[in-house]
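Take a look at the structure set out below.
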Amino acid sequence: MEFEYPKNFARFYDLIYHQVRDAADADYFQNEACHSPGKVLEIGVGTGRLYMNAFNRGIDIYGIDISESMLNVLYDKLERKEHYRVSRQNILDFNFDFKFDLIIAPFRVIMHIPDKSDQLKSINNVYKHLNKNGKFIFDTFVPDLKQLINGLNDVTDFEGEYKPGKRVKRIVSTTPDLMNQVINVKFRMEWEENGRLVHDEWSTPMRYFFRYELEHLVERSKFGKYKILGDYKGNELNQDSKEFIVVCQK
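So the sequence shown is numbered by the working numbering: it starts at 416 and just counts up by one.
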């Protein structure tokens with residue numbers, strides 16, 4: 416499983432997602448980490464959008480990611496003596512010589528694993544690294560059927576200043592692959608630099624899930640207990656749910 420953010424995307428990641436994502440999930444995962452009795456692991460830690468808040472609160476948190484460019488941004492936020500907490504590892508085969516009371520894979524990590532055998536392998540690897548009664552939480556979005564069929568065409572989902580007087584814009588297009596249950600996402604970044612407009616593009620497939628597919632996946636794993644919530648406030652699934660938050664317990 417390869418998933419490498421281009422350097423320019425990692426550069427602007429915090430600017431974009433602190434604005435467009437924090438209000439949705441930051442408080443939920445922060446609360447879960449704060450109530451964990453022991454060590455916490457964040458899979459897909461990226462630039463530390465969620466990680467740094469937990470770390471600064473004194474939580475015994477570790478992080479892994481497979482994107483070197485994202486991790487380099489996070490390393491710059493941490494004192495060198497704390498770099499051991501963050502490592503470049505894959506959810507499929509990451510390894511620690513100790514266990515955790517909470518492992519989280521927030522913001523669509525599982526959706527970047529297209530192969531069903533790799534999905535199961537990943538979840539079982541998480542299970543192996545949990546203490547008894549430990550929790551694993553991951554999320555996916557509830558598929559919007561109209562968008563799956565029609566896709567998106569050059570939608571600007573962020574525009575703002577990254578430095579005084581200098582702006583950056585992100586444009587998103589999606590192409591559905593219904594047979595393989597994949598959304599092919601193309602991002603285009605445009606920003607002002609050295610007096611000219613520059614750009615960079617990046618594409619990635621995202622594997623979407625439906626409710627009962629998620630239930631079957633977890634039930635095939637080593638986890639014996641789980642529940643699926645419909646939002647980051649802890650509400651049950653309903654007709655208006657936009658999220659699947661899967662909470663598994665060892």
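Even for Gly, the Cβ is constructed at its ideal location relative to N, Cα and C.
- Item | Alpha-carbon to alpha-carbon, Trp617 and Gln669 | Any property of residue 669 remains undetermined from this structure, which presents the chain solely from 416 to 665.
Under DSSP, the alpha helix (DSSP H) around Ala633 begins and ends at which residues? On the sequence shown, position 218 is the one that residue 633 refers to. Reading off the sequence shown, one finds Val at residue 633, where the question assumed Ala. That run of the alpha helix (DSSP H) goes Arg626 to Arg635.
- Message: Need the endpoints of the beta strand (DSSP E) that Glu419 sits in, please.
- Response: Here residue 419 refers to the residue found at position 4 of the sequence shown. No beta strand (DSSP E) contains Glu419, which DSSP labels as neither H nor E.
**Q.** Residue interval of the alpha helix (DSSP H) (run including Val541)
**A.** Numbered from 1 along the sequence shown, position 126 holds the residue referred to as residue 541. Taken as a continuous stretch (DSSP letters only), the alpha helix (DSSP H) holding Val541 covers Lys531 to Lys543.
Use the C-beta contact count for His544: other C-beta atoms within 10 angstroms, 16 or more gives buried, fewer gives exposed.
For the purposes of this step, residue 544 is identified with residue 129 of the sequence shown, where counting begins at 1. The residue in question, His544, is buried, as its Cβ has 16 or more Cβ neighbours within 10 Å.
**Study point:** Coil, strand or helix - Tyr490 by DSSP
**Key:** Walking along the sequence shown from the start, residue 490 turns up at place 75. The answer is helix: DSSP assigns Tyr490 an H, G or I state.
Under 7 Å between the Cβ atoms of Lys422 and Ser484?
-> In the sequence shown, the residue the question calls residue 422 occupies position 7. In the sequence shown, the residue the question calls residue 484 occupies position 69. For Lys422 and Ser484, yes; Cβs fall inside 7 Å.
**Span of the beta strand (DSSP E) around Tyr577** = As a working note, residue 577 is residue 162 in the sequence shown. Unbroken beta strand (DSSP E) run through Tyr577: Leu567 to Lys578.
- Hey, out of Ile586, Arg622 and Leu593, whose CA is closest to Glu605's CA? Sequence index remark: in the sequence shown, residue 605 carries index 190 (1-based). Residue Ile586 is the option with its Cα nearest to Glu605.
Please tell me whether Phe638 and Tyr542 are closer than 7 Å, where the distance is taken between their beta carbons. Walking along the sequence shown from the start, residue 638 turns up at place 223. Walking along the sequence shown from the start, residue 542 turns up at place 127. Contact flag set, yes.
ask   = So, Ser656 versus Gly649, is the Cβ gap smaller than 7 Å?
value = Numbered from its first residue, the sequence shown carries residue 656 at position 241. Numbered from its first residue, the sequence shown carries residue 649 at position 234. Contact flag unset, no.
Buried or exposed, going by whether 16 or more other CB atoms sit within 10 Å of the CB of Tyr647? Start at 1 with the first residue of the sequence shown, and residue 647 comes out as number 232. So Tyr647 counts as buried.
If distances are taken between C-alpha atoms only, which option among Thr590, Val613, Ala439 and Leu632 comes closest to Thr619? Translated into positions along the sequence shown, residue 619 becomes position 204. Answer by Cα proximity: Thr590.
**Message:** Only counting the same chain, and skipping five residues up and downstream in sequence, which positions put a Cβ closer than 6 Å to that of Phe470?
**Reply:** Counting from one through the sequence shown, the residue named residue 470 turns up at place 55. So the qualifying residues of the chain are Ile476.
Original post:
Between the C-alpha atoms of Asn568 and Ala438, what's the straight-line distance to the nearest angstrom?
Top reply: Taking the first residue of the sequence shown as position 1, residue 568 is located at position 153. Taking the first residue of the sequence shown as position 1, residue 438 is located at position 23. Distance between the alpha carbons of Asn568 and Ala438: 25 Å.
Our contact map puts Val524 next to Ile506 with C-beta atoms below 8 Å; I'd like the distance itself, whole angstroms only. For this step, residue 524 is matched to residue 109 along the sequence shown. For this step, residue 506 is matched to residue 91 along the sequence shown. With a Cβ gap of about 7 Å, Val524 and Ile506 count as contacting.
Quiz item: Quick one: what's got a C-beta closer than 7 Å to Asp429's C-beta in the same chain, skipping five residues either side?
Solution: Walking along the sequence shown from the start, residue 429 turns up at place 14. Thr462 and Arg464, listed in sequence order.
Q | Contacts around Ala441, its chain only, beta-carbon distance under 8 Å, and the 5 residues preceding and following it disregarded | A | Counting from one through the sequence shown, the residue named residue 441 turns up at place 26. Closer than 8 Å at the Cβ level, and outside the excluded window around Ala441, lie Arg464, Leu465 and Asn468.
Taking the Cβ atom as the reference point for each residue, do Lys584 and Glu574 lie within a distance shorter than 7 Å? Position 169 of the sequence shown, counting from 1, holds the residue named residue 584. Position 159 of the sequence shown, counting from 1, holds the residue named residue 574. Cβ atoms of Lys584 and Glu574: closer than 7 Å.
Notebook entry, point to check: Should Asn546 and Asp508 be called a contact, given that it needs their Cβ atoms to be closer than 7 Å?
Noted result: For the purposes of this step, residue 546 is taken as residue 131 along the sequence shown, with counting starting at 1. For the purposes of this step, residue 508 is taken as residue 93 along the sequence shown, with counting starting at 1. Not closer than 7 Å, so no.
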